[in-house]
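Here full-length UniProt numbering is used: the first residue of the sequence shown is 1, the next is one more, and so on.
Presented below is the structure to which this report refers.
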Amino acid sequence: MRILPLLILALTPGCASTLSTQQTARTLAPGQVQVTGGMGAFVPVGALVRVVDAGIEQGEAARDAVVNDRPYSLSEEDQQELLTAGVALMVAPPGVNPELMVRVGVVDRLDVGLRYSGISLRGDLKFQLAHGGDEVGRYLELGQRSFDMALGVGVSKHFFSSPALDVLEVVEMNDFSRYDVEVPLYLSADWGDVFKLYAAPKYIYSRTRLDARLVDYSQQGKPVSGFDARLPATVGSHFVGSTLGIAVGYRYVHLFAEVTGGYFRSRPQLFGMERNLGGVTVMPSVGLAIRAGGSDRKPAAGR
Numbered sequence: 001m002r003i004l005p006l007l008i009l010a011l012t013p014g015c016a017s018t019l020s021t022q023q024t025a026r027t028l029a030p031g032q033v034q035v036t037g038g039m040g041a042f043v044p045v046g047a048l049v050r051v052v053d054a055g056i057e058q059g060e061a062a063r064d065a066v067v068n069d070r071p072y073s074l075s076e077e078d079q080q081e082l083l084t085a086g087v088a089l090m091v092a093p094p095g096v097n098p099e100l101m102v103r104v105g106v107v108d109r110l111d112v113g114l115r116y117s118g119i120s121l122r123g124d125l126k127f128q129l130a131h132g133g134d135e136v137g138r139y140l141e142l143g144q145r146s147f148d149m150a151l152g153v154g155v156s157k158h159f160f161s162s163p164a165l166d167v168l169e170v171v172e173m174n175d176f177s178r179y180d181v182e183v184p185l186y187l188s189a190d191w192g193d194v195f196k197l198y199a200a201p202k203y204i205y206s207r208t209r210l211d212a213r214l215v216d217y218s219q220q221g222k223p224v225s226g227f228d229a230r231l232p233a234t235v236g237s238h239f240v241g242s243t244l245g246i247a248v249g250y251r252y253v254h255l256f257a258e259v260t261g262g263y264f265r266s267r268p269q270l271f272g273m274e275r276n277l278g279g280v281t282v283m284p285s286v287g288l289a290i291r292a293g294g295s296d297r298k299p300a301a302g303r
């Protein structure tokens, strides 16, 4: 039965986004460059709990059947629940992703960045909305403080190739795409360029488009599998959550540690009806950032 592996493999690229932040609200000075290397662990708590609960429920049902000396069988509803729980975990599997980010200060209050995570390439910009505390140049001196707010916007392109589907000899996929649009609001407090505390509430919209031929092929699954296995042409998801983090170091080098938590909402049409594949998600991550270059910034009027 090839249609089920096809369905799972098709939806898998529409899964985990890289949720880490690894930056504060304070923008880089013009010409300043920051390179950050890090690692994040994606933990789909909601999907894991759903799978465990479904397994426990069916395990208890099987035990009761044995104790009462009666046959155990899965109802169609139970089969659908188990299958949905399994697909929810497979489309957002737990895992560890490395990432590399480069940021450059463009003009006062504006920097841009490019991040590669192995599964996606993300470009973004960050504009500083407000600043409080001491007026600062490239770096904060000991005893100086900075309180900042910034708004960002980023776009990610996810990578996907189809060797697994080619092995299954299913269909060649040439028109598969996945994009994310992210809007974070950065809030941070810096003390002496030694200790940084930051938060980043964020919203991410993801859109995955499947190859039209793949969608057509999935419609042939019912006579083979016995259930409606049609794939949707597009799968959308929404993430609402926030990052909380700290950074310690001095001037040129800082170690970041953070955790991002929130809720993914994804309800595609699967097995003939709308299915909930979302849930609570957590992503802890760490990173090492190195800054260099740039001239002392001149504070803008009103700062």
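For every residue, glycine included, the Cβ atom is placed at its ideal position computed from N, Cα and C.
Just so we're clear, the structure is a prediction, and the values are computed from it rather than from any experiment.
Short Cβ contact (9 Å threshold) for residue i with residue j
i, j, result
"G154", "R122", "yes"
"F42", "P94", "yes"
"F127", "G143", "no"
"S156", "E135", "no"
"T208", "G236", "yes"
"G40", "S117", "yes"
"Y139", "D180", "no"
"S146", "R275", "no"
"G38", "L129", "no"
"T24", "Y203", "no"
"G279", "V33", "no"
"P30", "D148", "no"
Reference residue i, options the options, closest by Cα
i, options, result
"T234", "L255, R267, V248", "R267"
"V35", "V107, D111, P44, K157", "D111"
"L277", "R109, F147, F159, F239", "F239"
"P44", "R265, Q22, A247, H254", "R265"
"L185", "R178, S146, T243", "T243"
"H131", "G294, E274, R251, L187", "L187"
"G245", "G261, L100, V253", "G261"
"V106", "F147, G38, L28", "L28"
"Y263", "S285, Y205, G294", "Y205"
"W191", "R251, M149, A150", "R251"
"E258", "D124, L125, L129, L288", "L288"
"A150", "P201, V280, V286, V96", "P201"
"T21", "G133, M273, P30, R115", "R115"
"A189", "G133, G137, V96, Q269", "G133"
Environment of residue i [buried if 16+ CB atoms lie within 10 Å]
i, result
"V167", "Low confidence applies to V167: its pLDDT is 41, below 50, so where it sits in the model is not reliable, and the reading given next is rough at best. Looking at its Cβ environment, which holds fewer than 16 other Cβ atoms inside 10 Å, V167 is exposed."
"L19", "buried"
"A292", "exposed"
"F256", "buried"
"I290", "exposed"
Close Cβ partners of residue i (< 7 Å) along its chain, the five nearest in sequence each way excluded
i, result
"E169", "With a pLDDT of 43 at E169, under the threshold of 50, the predicted position of this residue should be treated as unreliable, though the coordinate-derived value follows. So no residue of the chain qualifies."
"F159", "I119, S120"
"M273", "none"
Contact set for residue i: own chain, Cβ-Cβ below 6 Å, skip 5 residues either direction
i, result
"S177", "R209"
"P284", "A41, V259"
"residue 321", "Past the edges of the chain, shown from 1 to 303, lies residue 321, and the structure says nothing about it."
"A300", "Low per-residue confidence applies at A300: pLDDT is 46, beneath 50, and the placement is therefore not dependable, though the value from the model is reported in the following sentence. If we look at A300 and ignore the five residues flanking it on each side, its Cβ neighbours are D108."
"E141", "none"
Delimiting residues of the beta strand (DSSP E) encompassing residue i
i, result
"E258", "253-265"
"T208", "195-209"
"F159", "Taken as a continuous stretch (DSSP letters only), F159 belongs to no beta strand (DSSP E), as it is neither H nor E."
"G241", "234-250"
"G293", "No beta strand (DSSP E) holds G293; DSSP gives it neither H nor E."
"E182", "177-191"
"E99", "95-107"
"R36", "The amino acid at residue 36 is misidentified as Arg; the sequence shows Thr. Its beta strand (DSSP E) spans residues 33-42."
"Q128", "120-133"
"L277", "Unbroken run through L277: none, as it is neither H nor E."
"R115", "110-116"
Neighbourhood of residue i by C-beta distance below 8 Å, restricted to the same chain and skipping five residues each side
i, result
"V248", "V194, F195, K196, H254, L255"
"V282", "V43, V45, V259, T260, G261"
"V96", "M39, G40, A41, F42"
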